[in-house]
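Single-structure report; data block below.
Number of protein chains: 2
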Amino acid sequence: MRDKSADPAALQSALRNLEPAVNLKQLSHMLQLSQTTVSRALNGYPEVSEETRRRVTDAAKRHGYRPNPSARRLATGKAGMIGYVLPTGASVDIDPHFVEFLSGLGDYARSHELDLVLSPADADDEETTYRRVAANKQVDAVYISAPRPADRRISLVNQLGLPFLVHGRAEGLDFDYPFLDIDNEGAFHEAARLLVQLGHKRIALINGDDGQTFAIFRERGVRRALASAGLVLPPEKIRSVAMTEENGYRSARSLLEQPEPPTAIACSSLIMALGVVRAVRDLGLTIPGDVSLIAHDDVFPWLKPEHFSVPLSTTRSSIRAAGARIAERLAARISGLEEGARGEIWPVDLVVRGSIAGAAG
Amino acid sequence: MRDKSADPAALQSALRNLEPAVNLKQLSHMLQLSQTTVSRALNGYPEVSEETRRRVTDAAKRHGYRPNPSARRLATGKAGMIGYVLPTGASVDIDPHFVEFLSGLGDYARSHELDLVLSPADADDEETTYRRVAANKQVDAVYISAPRPADRRISLVNQLGLPFLVHGRAEGLDFDYPFLDIDNEGAFHEAARLLVQLGHKRIALINGDDGQTFAIFRERGVRRALASAGLVLPPEKIRSVAMTEENGYRSARSLLEQPEPPTAIACSSLIMALGVVRAVRDLGLTIPGDVSLIAHDDVFPWLKPEHFSVPLSTTRSSIRAAGARIAERLAARISGLEEGARGEIWPVDLVVRGSIAGAAG
DNA sequence: TAGAGCTCTCAAAGCGCTTTGGCTGACTGC
DNA sequence: GCAGTCAGCCAAAGCGCTTTGAGAGCTCTA
Chain A
4 MRDKSADPAA LQSALRNLEP AVNLKQLSHM LQLSQTTVSR ALNGYPEVSE
54 ETRRRVTDAA KRHGYRPNPS ARRLATGKAG MIGYVLPTGA SVDIDPHFVE
104 FLSGLGDYAR SHELDLVLSP ADADDEETTY RRVAANKQVD AVYISAPRPA
154 DRRISLVNQL GLPFLVHGRA EGLDFDYPFL DIDNEGAFHE AARLLVQLGH
204 KRIALINGDD GQTFAIFRER GVRRALASAG LVLPPEKIRS VAMTEENGYR
254 SARSLLEQPE PPTAIACSSL IMALGVVRAV RDLGLTIPGD VSLIAHDDVF
304 PWLKPEHFSV PLSTTRSSIR AAGARIAERL AARISGLEEG ARGEIWPVDL
354 VVRGSIAGAA G
Chain B
4 MRDKSADPAA LQSALRNLEP AVNLKQLSHM LQLSQTTVSR ALNGYPEVSE
54 ETRRRVTDAA KRHGYRPNPS ARRLATGKAG MIGYVLPTGA SVDIDPHFVE
104 FLSGLGDYAR SHELDLVLSP ADADDEETTY RRVAANKQVD AVYISAPRPA
154 DRRISLVNQL GLPFLVHGRA EGLDFDYPFL DIDNEGAFHE AARLLVQLGH
204 KRIALINGDD GQTFAIFRER GVRRALASAG LVLPPEKIRS VAMTEENGYR
254 SARSLLEQPE PPTAIACSSL IMALGVVRAV RDLGLTIPGD VSLIAHDDVF
304 PWLKPEHFSV PLSTTRSSIR AAGARIAERL AARISGLEEG ARGEIWPVDL
354 VVRGSIAGAA G
């Protein structure tokens, strides 16, 4: 393909394509300047006169010049993209929260021409993929979500020198790292405290997978609230399960069929709450008459707590907003505006609706 | 950065990094061969002797040689990635189905080191982004989802010469194109036919956004089934709305409060069906006693039709499987194994559960 | 035994950008 | 009037691959 003009397909597409795709060489030739100067002018280097710079930027705009990202990447090592290693596998389901997070990411990235590279990985061996991503320099930074305590991925990307941001927090790592998290402990502490104040003594927690720190923090919040009222959260009042409707149902059902069933349930997701409501109904019980229910709401546009048959009290934090913020911080890190290991923890709203009431007994 | 060894950070990371990242030059030097030969050997060109090829591949494996994708891309124009333009905007919500689709895509892509590039675009102006993606040659192919009739995106990528695959189908385009779709019309035809056979005469359809072809096909299917029983689907028995729980509720409620309410409802998504069930209950009606319900199930792991309070009859097609197949075909197109405008239409399962019964009247 | 025809290999030219290390000429200060 | 600055520009060397065009060595035919 030395000579493009000889390739009829390329010619055709060049004719049809409204953007003529000038390259730096052509542009500098038209301007009677060297590629160096044009490149510097465009990239804001100081050693170009203001007049030249203006001439260059004007011409660039006029001809729709866009630097070829592959070439730029090869030269600089910078990709202009952020990455995410997506754990997949036959028995691995991507969390529906991911889509909301993505909406947020897109909200920011859209206006900055920042693309996101999803690198699917075997969920049992994400390390290989992280290494590949780092070695290939395909992306300038990655974010890591759903961290576990002492998450190995975090140590790994840290070692690899790949800039990153964690959505959530790990625990027990011997170094600091940048993250964005919501105050899960605070949220569930508030929720449980409210239930306690309403006179509930037997409170249950239907939590997400307890391998993940968010679930650990939530449990801690509930425990702390109960403790300060002299109550405890016994193991038989806790469920840690994947956040599906079915698991919500099963968990609630098994809790409510105990000899001394809980009078209030805190639940880690709206989707599980659907199952809880179904279980309560199946057992001929009512909310909040027999059992109070409060759940965490990540703010899905397609499922809202106020539209449950009994409007659901929630701890609320928009995961979409988090996505946007993470994109913003990632962009800042890439361009060197953000450095160090800043952790950001967002407060969570407690929204009281009809699903909680004073304890019956 | 001419001299890497002078950069302490690079040195450090090279020491820590277990993969030494040899490049072609180094590798060919070790082998006492030219870069040309090594490159050809690795890429399966015929003009290399088998013995040399073996020597080369062995050495490559031993030293963990991985061609630098940026360099390869610059040289060949091939990126080894597939792209998706993600419509975003403050008032735009990404469909939760997307995550399931992604799981499927990942299932295939994972084992082929195929990455996915998401390019967020202003939902009101996706064209710019498509042009950018095509001009930058960031990806080798894209897929387009949720097509509308005569979808402009399809004409555009076709014109731009960007290889693509449509998930779904458009209508009224003056050229053929490759796609993968499910038989939406057939599915809803079967569903409606079953309802008719059960004696239902007033059947309603709660559909997705009728700007999209899937919704058009579904409506067509219902109409056809009714027509062959001498029935019609009047406008007041149709709702076309975004697929949220709330819209399911509103739609069902307004339908059931009509003077002559439907005795059966076909619904385009499980999420909307949640709202339908709530509406039915709110009105003091029962399923299937007062109203039969059948919905389309894209197979979410977190919400299953068999776990509705009354198990839901569905038309079922795994959107995850579609994702995997699309990745597979896209990969085939990239490597030239698939060509032309092959359309693939998957049949849909009709799964009967307790939510439908004979018409009361 | 010369020449044709292979097979295998190579040097070097791109791909389109960034960056290094000059170079030029005008302007300063003494 | 001269060395010393400095602003502004340039040529050329990369970045790490692929691909072209050639050539060396060998076998085979007439």
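Quick mapping for you: the protein sequence lines, in order, are chains A and B.
Quick note, the first sequence lines up with residues 4 to 364 if you use the working numbering.
Quick note, the second sequence lines up with residues 4 to 364 if you use the working numbering.
Yeah, the Cβ is synthetic: ideal placement off N, Cα and C, and Gly gets one too.
None of the values given here were measured: they were computed from a predicted structure.
- Listed along the chain, the chain A residues whose CB falls inside 8 Å of the CB of PRO99 (chain B) are PRO99, VAL102, PHE303 and TRP305.
- Burial check for ASP179 (chain B): the Cβ neighbour count within 10 Å stays below 16, so the residue is exposed.
- Put simply, the CB of TYR68 (chain B) is far from chain A, with every gap to its CB atoms at 8 Å or more.
- Along the region 127–156 of chain A, going in chain order, the ones with a CB nearer than 9 Å to a CB of chain B are THR132, ARG134, ARG135, VAL136, ALA137, ALA138, ASN139, LYS140 and GLN141.
- In terms of Cβ geometry, THR317 (chain A) and ASP110 (chain B) do not form a close pair [threshold 8 Å].
- Per DSSP, reduced to three states, the secondary structure at TYR87 (chain B) is strand.
- ILE322 (chain B) is positioned such that its CB atom lies closer than 8 Å to that of PHE104 (chain B).
- CA-to-CA, the gap between VAL59 (chain A) and THR132 (chain A) works out to about 41 Å.
- In the structure shown, the three-state DSSP call for LEU315 (chain A) is coil.
- Listed along the chain, the chain A residues whose CB falls inside 9 Å of the CB of ARG332 (chain B) amount to none; the nearest CB is some 16 Å away.
- Distance from the CA atom of ASP212 (chain B) to the CA atom of ILE97 (chain B), rounded to whole angstroms, is 14 Å.
- In the displayed model, PRO72 (chain B) falls within a helix according to three-state DSSP.
- In this chain, ARG356 (chain B) is not harboured by any beta strand (DSSP E), its DSSP state being neither H nor E.
- Counting only residues of its own chain and dropping the five nearest sequence neighbours on each side, ILE290 (chain B) has a CB closer than 6 Å to the CB of VAL283, LEU296, VAL313 and SER358.
- With a cutoff of 8 Å on beta-carbon distance, ALA153 (chain A) and LEU176 (chain A) are scored as near each other.
- Linking THR79 (chain B) to PRO99 (chain B) through their CA atoms gives a straight-line distance of about 36 Å.
- Contact between the region 263–278 of chain A and the region 61–76 of chain A is absent: fewer than three C-beta pairs spanning the two stretches fall below 8 Å.
- DSSP places GLY47 (chain B) in the coil class of the three-state scheme, outside both helix and strand.
- At a beta-carbon threshold of 7 Å, none of the residues of chain B lie near ILE337 (chain A); the nearest stands roughly 16 Å away.
- Rounded to whole angstroms, the gap between the alpha carbons of LEU27 (chain A) and TYR252 (chain B) is 57 Å.
- For GLU263 (chain B), the secondary structure class from DSSP, reduced to helix, strand or coil, is coil.
- Within a 10 Å sphere around the beta-carbon of PRO49 (chain A) sit fewer than 16 other beta-carbons, which makes this residue exposed.
- Against chain A, the CB of ARG356 (chain B) has no partner CB under 8 Å away; the residue lies outside that interface.
- Under a criterion of Cβ atoms nearer than 8 Å, the residues of chain A adjacent to SER312 (chain B) are, in order, ARG281, ARG284 and ASP285.
- LEU183 (chain A) sits in a strand when the DSSP states are folded into three classes.
- By the criterion of a C-beta distance shorter than 7 Å, VAL142 (chain A) is surrounded in its chain by ALA82, MET84, ILE85, GLY86, VAL120 and VAL136, once the five residues flanking it on both sides are discounted.
- Around SER254 (chain A), the same chain offers ILE209, ARG242 and VAL244 as residues with beta carbons nearer than 7 Å, after the five sequence neighbours per side are excluded.
- Distance between ASP293 (chain A) and ALA360 (chain A), taken at the CA atoms: about 9 Å.
- Look at the region 90–173 of chain B and you find these whole runs of beta strand (DSSP E), each 3 residues long or longer: 118–125, 144–148 and 167–170.
- As computed with DSSP, ASN210 (chain B) is found in a beta bridge with B:SER243.
- Note that the C-beta distance between HIS310 (chain B) and GLU249 (chain A) is below 8 Å.
- Residue state for PHE303 (chain A) is assigned as strand, using DSSP reduced to three classes.
- Here the C-alpha atom of THR39 (chain B) lies approximately 43 Å from the C-alpha atom of GLU341 (chain A).
- Bridge pairing for ALA269 (chain B): B:LEU208 and B:ILE297 [DSSP].
- Listed as beta-bridge partners of GLU347 (chain B) by DSSP are B:LEU183.
- Under the three-state reduction of DSSP output, VAL225 (chain A) falls in the helix class.
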